[in-house]
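Remarks on the structure that follows.
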Amino acid sequence: EIYKRGMFGNVKPTVTTDPSKLEQQAKEAMSQRGFNYIAGGAGERSTMEANRLAFRQWKLVPRMLRGAAQRDLSVELFGEKQPNPIIVAPVGVQEIFHEDKDVGVAEVAAELGVTFTMSTAGSSSIEHIGKVGREKGGRQWFQLYWPKSDDVTASLLNRAKREGFKVLVVTLDTWTLGWRPWDLDHAYVPFVKGLGCEVGFSDPAFRKGYGKDPRDPKHVTEASIAWTTDIFDGMGHTWESLKLLKQYWDGPIILKGIQSVDDAKLAVQYGMDGVLVSNHGGRQLDGAVGSLDMLAEIAEAVGDKTTVLFDSGIRTGADVMKALALGAKAVLIGRPVMYGLGIAGKAGAKDVMRYLLADLDQSMGLAGYKNVHELGPHSIRRIQYPG
Ligand code: FNR
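Here UniProt numbering = 1-based position in the sequence shown + 27.
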């Protein structure tokens, strides 16, 4: 369809189909502050770069004459079939990228059969996103920045459960924000602004402690700061604390930010349903390994006991195939979808997802695979080209 529109209609896409040009296009279209918040990484961005370099070290080995003219991209995750292995990663404060914000992305993801993950620091309420998900028949997961207060945790999880969010993604790598010079140099703290009204501030557990007029701007700021402090004071949590979390959430729980085999084994020991091999897109600990570099080891150690997912650095259909070949069941996409949102609102986010799905489908066919289950270590080879 994308080819045909160009060939016969001379219709040029609004969002570039070239993943390597997406960032530049977003830079030109977006406010500097919004763009910097997406494109930035921690420290000297060496982990962010390592995420991409890790992908370049793996090459696919194509097969021929395998009847791969028709492909089935579907996967089963936590007992549910989804038509493709793509999930939108949780991204906070999307209102600073475009007014369509997260609720718009949730809507277009549902239209494409892509699972949407809502961030605790989302720009819309849990109820608003839940409603759109139900109306559009989309699958939605909820990401938790694990608050210090059990009351707030229980309240957030009860609301998410009530709204039909199926899976809980607990982010472990962000009990404080990473050292992000691109934001620090602009004195930019997105969370306080982003929490203006619809999000944490609206949580009933929070209102308890702040029984003043919710429309008073001073109150909004106080509640936002208190909310942020509570969320980022969660560093006292331990593996044992996961037991408590299980009391509040009876559905599948995934731990996000796993980079070590030992932690993946602990996740299994503590009864976690999944691990998301991720380094937050290189936004937290700079100097850490590229996320893909840890995937194969982790999948080998725990892949038969828990569901292994992957993110950090995926840009193309071939990247998705590489992650699946190295043991991930599905992958999450962060920045590219946000660049699409910044360039052209929810239609732009949708285009980015469509192109990625089309690229994946075509790459699978060209490599001779009829479905994602056929991918494995035999599908790829590690090669270090000089330079
Ligand atoms: C994120 N990420 C993130 N993760 C999370 O658990 N909660 C959040 O609120 C956010 N917020 C957020 C904002 C922005 C602007 C970015 C770019 C990322 C991390 C995200 O879920 C994911 O791990 C990475 O984005 C994956 O790496 P790529 O695809 O961006 O390379």
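For every residue, glycine included, the Cβ atom is placed at its ideal position computed from N, Cα and C.
As the crow flies, the alpha-carbon of Ala-181 is around 26 Å from that of Glu-134. Taken from the Cβ of Arg-362, at least one heavy atom of the ligand FNR lies inside 7 Å.
By the beta-carbon neighbour count (other beta carbons within 10 angstroms, threshold 16), Gly-106 is exposed. Proximity of the beta carbon of Lys-128 to the ligand FNR is not indicated: no heavy atom of the ligand is located closer than 7 Å. In the DSSP assignment, Glu-324 falls within the unbroken alpha helix (DSSP H) covering 318-329. Judged by DSSP in its simplified three-state form, Glu-190 adopts coil rather than helix or strand. In terms of side-chain proximity, the C-beta atom of Lys-349 is found no nearer than 7 Å to any non-hydrogen atom of the ligand FNR. Your pair Leu-171 and Val-130 does not check out as a contact, with CB atoms roughly 19 Å apart and the cut at 8 Å. Proximity of the beta carbon of Lys-283 to the ligand FNR is indicated: a heavy atom of the ligand is located closer than 7 Å. Taking 8 Å as the upper bound for CB-CB distance, Leu-87 and Met-299 are not in contact here, some 31 Å apart. The three-state secondary structure of Lys-108, taken from DSSP, is strand.
Shown here for Lys-128: same chain residues with a beta carbon closer than 7 Å to its own, the five before and five after excluded, namely Gln-121, Glu-122, Ser-150 and Ser-151 in chain order.
Non-local C-beta neighbours of Asn-185 in its own chain, meaning closer than 8 Å and more than five positions away in sequence, comprise Tyr-275, ordered along the chain. Counting along the chain, the unbroken alpha helix (DSSP H) around Ala-376 starts and ends at 362-394. Residue ranges of uninterrupted beta strand (DSSP E) with 3 or more members, entirely inside the segment 39-108 and ordered along the chain, are 85-87 and 102-104. For the pair Ala-116 and Gly-361, the CB atoms are nearer than the 8 Å cut-off. Gln-411: not part of any beta strand (DSSP E); DSSP gives it neither H nor E.
When the alpha-carbon of Met-365 is set against those of Thr-255, Lys-54, Lys-39 and Glu-28, the nearest one is in Lys-54. Considering only Thr-198, Ala-253 and Leu-183, the residue with the shortest C-alpha distance to Asp-338 is Thr-198. Non-local C-beta neighbours of Ile-280 in its own chain, meaning closer than 6 Å and more than five positions away in sequence, comprise Leu-195, Met-299 and Asp-300, ordered along the chain. The straight-line gap separating the alpha-carbon atoms of Pro-112 and Ala-294 is approximately 22 Å.
By the neighbour-count definition (other C-beta atoms within 10 Å, threshold 16), Ser-47 is an exposed residue. A residue is called buried when at least 16 other Cβ atoms come within 10 angstroms of its Cβ; Trp-266 does not meet this threshold and is exposed. In this structure Pro-174 is buried. Its beta-carbon is surrounded by 16 or more other beta-carbon atoms within 10 angstroms. Beta-bridge partners of Lys-283 (DSSP): Thr-198 and Leu-303.
Counting along the chain, the unbroken alpha helix (DSSP H) around Phe-35 starts and ends at 29-36. Around Leu-100, the same chain offers Pro-110, Asn-111, Pro-112, Leu-384, Leu-387, Asp-388, Met-391, Asn-398 and Val-399 as residues with beta carbons nearer than 8 Å, after the five sequence neighbours per side are excluded. In the DSSP assignment, Met-145 falls within the unbroken beta strand (DSSP E) covering 142-145. For Tyr-172, the enclosing beta strand (DSSP E) has its first and last residue at 167-172. Around the C-beta of Ile-410, fewer than 16 other C-beta atoms lie within 10 Å, and the residue is accordingly described as exposed. For Thr-74 against Leu-312, the beta-carbon gap comes to about 7 Å, under 8 Å, which counts as contact. A distance of 8 Å or more separates the beta carbons of Val-316 and Ala-291.
Cβ-Cβ separation between Leu-319 and Ala-345: approximately 12 Å, too far for a contact (criterion under 8 Å). At least one heavy atom of the ligand FNR falls within 7 Å of the beta-carbon of Asp-338. Residue pairing by DSSP puts Val-115 in a beta bridge opposite Phe-143 and Ile-360. DSSP places Val-399 within a helical segment (H, G or I) once states are collapsed to three.
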